[in-house]
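By the numbering used here, the letter at position 353 of the sequence shown is numbered 364, and the numbering carries on one by one without gaps.
Please read the structure below before turning to the comments.
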Amino acid sequence: MKIAIAGTGYVGLSNAIILAQHNEVYAVDILQSKVDLINKKISPIVDKEIEEYLSSHDLNLTATTDGDGAYKKADIVIVATPTNYDSDKNYFDTSSVDSVIRQINRVNPNAVIIIKSTIPVGYTKLIRESFNHDLLFFSPEFLREGKALFDNLYPSRIVVGVPEKEDKYIKVARVFANLLIEGAIKQNIQTQIVGSTEAEAIKLFANTYLAMRVSYFNELDTYAESKNLNTQEIIQGVCADSRIGDFYNNPSFGYGGYCLPKDTKQLRANFENVPNNLISAIVDSNRTRKDFIAERILKIANYKNDGKDQLVVGIFRLTMKSESDNFRQSSIMGIMKRLKAKGVEIIIYEPRLNEKTYFNSVVIHNFDEFKEKAKIIIANRFESVLLSVKDKVYTRDLYNRD
């Protein structure tokens, strides 16, 4: 089968690799530099598994900037372009998805379109009617950053949303689900064929639950630190209950990354005119946590903010995870902005930055120099290189994971 994929981020590229094992796949991107890397079997994103898989497997995968050519010959087109939350509109910006669907309609109106981008609840139904494209489906992704390929090879579940519960749509959905199953290593994968709007809701509710769990343990940690209690002992006692479980419970500076901040805000927007307390609280809790962390750092440093007191705070890594290249909505950046607003001088150590400054803060590329200049080093996730200055480091990371 011939498959085109619009977008070569974590979702698009991992799907391209999975499907290119048994199908002819064209990965479409607007950036020639990314296309060139993929065709040289080099990953354009920081993901060791994707990098190794590209270089070590014989895949029928071609990257191209020629969207018209790729979509015209495709039986299925997967849309995996980014959708960011627009705070002004209080909704996802789906313009990249709209643009690709418009392009597909122009060159191949009979193609099956599978949306993989995260979208608002109700979007697929609306866009199907707007573009008058019958074979339009939504299939959510449940990928962890840095584990995108693994989570496609060993998926927790496969969900495909159909526009209507009719045999012709269910048949197409099962064909697509089977393509994903064929490329996976895991056996007996749970597969759900649901309505497209239900599939959209599954995605947003799943990510909001994860954000809720992060927020819960962060608020537990806020309480423990405020009362001078041992956070780890409390978490161990709480998580010994099998209904709660000893996982996804490592305190942090807040949830961040590609999905959780925007998905929680989008779900809250979808709750307009629907009674809720919890969904809104999950979004608000993340802001409160960052406020607390910033104030805690200032208190530990005994910072007066009187125009005379000079405090240099070192930001250790802007990425959400050590195996990532993503700074977007990183929780530590929220802390950095709050500290700068109080007049604190910020210096940054981030090996993935080549620039000399980032948001008007100096980037120091020499780690020894960084350690020496910073009075306090803050780290959302602790790494062994910090052991030599452990007395300077402020982190809430208890388990060196998540």
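We put the CB at the ideal spot given by N, CA and C, even for glycine.
> Going by alpha carbons, who is nearest to Tyr102 out of Lys276, Gly20 and Ala159?
Replying inline: Numbered from its first residue, the sequence shown carries residue 102 at position 91. Cα-wise, what sits closest to Tyr102 is Lys276.
>> Given this structure, state the Cα-to-Cα distance separating Glu394 from Asn411, to the nearest angstrom.
In response: Numbered from its first residue, the sequence shown carries residue 394 at position 383. Numbered from its first residue, the sequence shown carries residue 411 at position 400. Between Glu394 and Asn411, the C-alpha separation is close to 7 Å.
>> Please return the same chain residues whose Cβ sits closer than 7 Å to the Cβ of Arg407, not counting the five positions on each side in sequence.
In response: Within the sequence shown, numbered from 1, the residue matching residue 407 stands at position 396. Cβ within range, chain order: Asp232, Pro262, Ser263 and Phe264.
>> Do Lys136 and Pro174 count as a contact pair if the criterion is CB distance below 9 Å?
In response: By one-based count along the sequence shown, residue 174 stands at place 163. By one-based count along the sequence shown, residue 136 stands at place 125. Yes, the Cβ-Cβ distance between Pro174 and Lys136 is below 9 Å.
>> Using only CA atoms, which one of Ser25, Phe338, Ile375 and Ala85 lies nearest to Ile124?
In response: Numbered from its first residue, the sequence shown carries residue 124 at position 113. Looking at the Cα atoms, Ala85 is the closest of the given residues.
>> Rounded to whole angstroms, what is the Cα-Cα separation between Asp69 and Arg328?
In response: Against the sequence shown, residue 69 aligns to sequence position 58. Against the sequence shown, residue 328 aligns to sequence position 317. Looking at the two C-alpha atoms, the distance is approximately 35 Å.
> Nearest to Arg224 by alpha carbon, out of Asp40, Leu271, Gly354 and Ile126?
Replying inline: Walking along the sequence shown from the start, residue 224 turns up at place 213. Closest option to Arg224, Cα to Cα, is Leu271.
> What residue from Tyr96, Ala38, Thr19 and Lys83 has the CA that sits closest to Ile56's CA?
Replying inline: For the purposes of this step, residue 56 is taken as the residue at position 45 of the sequence shown. Closest option to Ile56, Cα to Cα, is Thr19.
> What three-state label does DSSP hand Ser207 in the structure shown?
Replying inline: Residue 207 sits at position 196 when you count from the first residue of the sequence shown. Note: Ser207 maps to helix in three-state DSSP.
> Looking only at C-alpha atoms, which of Glu356, Glu383 and Ser66 sits nearest to Gln321?
Replying inline: Here residue 321 corresponds to residue number 310 of the sequence shown, with the count starting at 1. Ranking the options by Cα distance to Gln321, first place goes to Glu356.
> Residue range of the alpha helix (DSSP H) that Leu364 falls in?
Replying inline: To locate residue 364, count along the sequence shown from 1; it is residue 353. Careful: Leu364 lies outside any alpha helix (DSSP H) and carries neither H nor E.
> Touching or not, the region 12-26 and the region 146-162, by the rule of three or more beta carbon pairs under 8 Å?
Replying inline: yes
> So what's Lys176 in DSSP terms, helix, strand or just coil?
Replying inline: Stepping through the sequence shown from its first residue, residue 176 is reached at position 165. In the structure shown, Lys176 sits in coil (DSSP, three-state: anything other than H, G, I, E or B).
> DSSP puts Ala81 in a beta bridge; with which residues?
Replying inline: Residue mapping note: residue 81 aligns to position 70 of the sequence shown, counting from 1. Beta-bridge pairing links Ala81 to no other residue.
> Mind checking whether Leu215 and Thr129 have CB atoms under 9 Å apart?
Replying inline: Residue mapping note: residue 215 aligns to position 204 of the sequence shown, counting from 1. Residue mapping note: residue 129 aligns to position 118 of the sequence shown, counting from 1. Their beta carbons are under 9 Å apart, which means Leu215 touches Thr129 by this criterion.
> Just the Cα atoms here: how many angstroms apart are Gly206 and Ser399?
Replying inline: Numbered from 1 along the sequence shown, position 195 holds the residue referred to as residue 206. Numbered from 1 along the sequence shown, position 388 holds the residue referred to as residue 399. So the two alpha carbons sit approximately 54 Å from each other.
> Quick one: what's got a C-beta closer than 7 Å to Phe381's C-beta in the same chain, skipping five residues either side?
Replying inline: Numbered from its first residue, the sequence shown carries residue 381 at position 370. Same-chain partners within the cutoff: Gly325, Ile358, Tyr360 and Ile375.
> Any contact of the region 133-151 with the region 111-124, i.e. 3+ C-beta pairs under 8 Å?
Replying inline: yes
>> Rounded to whole angstroms, what is the Cα-Cα separation between Ile169 and Ser150?
In response: Locating residue 169 in the sequence shown gives position 158, where the first residue counts as 1. Locating residue 150 in the sequence shown gives position 139, where the first residue counts as 1. Answer to the nearest angstrom: the Cα atoms are 8 Å apart.
> Going by DSSP, which residues form a beta bridge with Gly325?
Replying inline: Working through the sequence shown from its first residue, we reach residue 325 at position 314. The partner list for Gly325 (beta bridge, DSSP) reads Ile358 and Ile388.
> Nearest to Tyr96 by CA position, among Asp274, Ala305 and Asn287, is which residue?
Replying inline: Along the sequence shown, one-based indexing puts residue 96 at 85. Comparing Cα-Cα distances from Tyr96 to each of Asp274, Ala305 and Asn287, the minimum goes to Asp274.
> Per the contact definition of three or more C-beta pairs closer than 8 Å, is the region 65-79 in contact with the region 43-54?
Replying inline: yes
>> Strictly by DSSP, which residues pair up with Tyr102?
In response: Taking the first residue of the sequence shown as position 1, residue 102 is located at position 91. The partner list for Tyr102 (beta bridge, DSSP) reads Asp97.
> Whose C-beta lies closer than 7 Å to the C-beta of Val111 among residues of the same chain, with five residues either side of it excluded?
Replying inline: Position 100 of the sequence shown, counting from 1, holds the residue named residue 111. So the qualifying residues of the chain are Ala17, Val90 and Thr92.
> Does the Cβ of Lys301 have 16 or more other Cβ atoms within 10 Å, making it buried, or fewer, making it exposed?
Replying inline: As a position in the sequence shown, residue 301 is number 290, starting the count at 1. Its Cβ being crowded by 16 or more others within 10 Å, Lys301 is buried.
> Measuring CA to CA, which of Leu289, Thr208, Tyr165 and Val186 is closest to Gly172?
Replying inline: Indexing the sequence shown from 1 puts residue 172 at position 161. Ranking the options by Cα distance to Gly172, first place goes to Thr208.
> Alpha carbon to alpha carbon, how far is Lys386 from Met347?
Replying inline: Translated into the one-based positions of the sequence shown, residue 386 becomes position 375. Translated into the one-based positions of the sequence shown, residue 347 becomes position 336. So the alpha carbons of these two residues sit roughly 15 Å apart.
> What is the residue span of the alpha helix (DSSP H) that Val294 lies within?
Replying inline: In the sequence shown, counting from the first residue as 1, residue 294 sits at position 283. It spans Leu289 to Ile311 - the alpha helix (DSSP H) in which Val294 sits, taken as one unbroken run.
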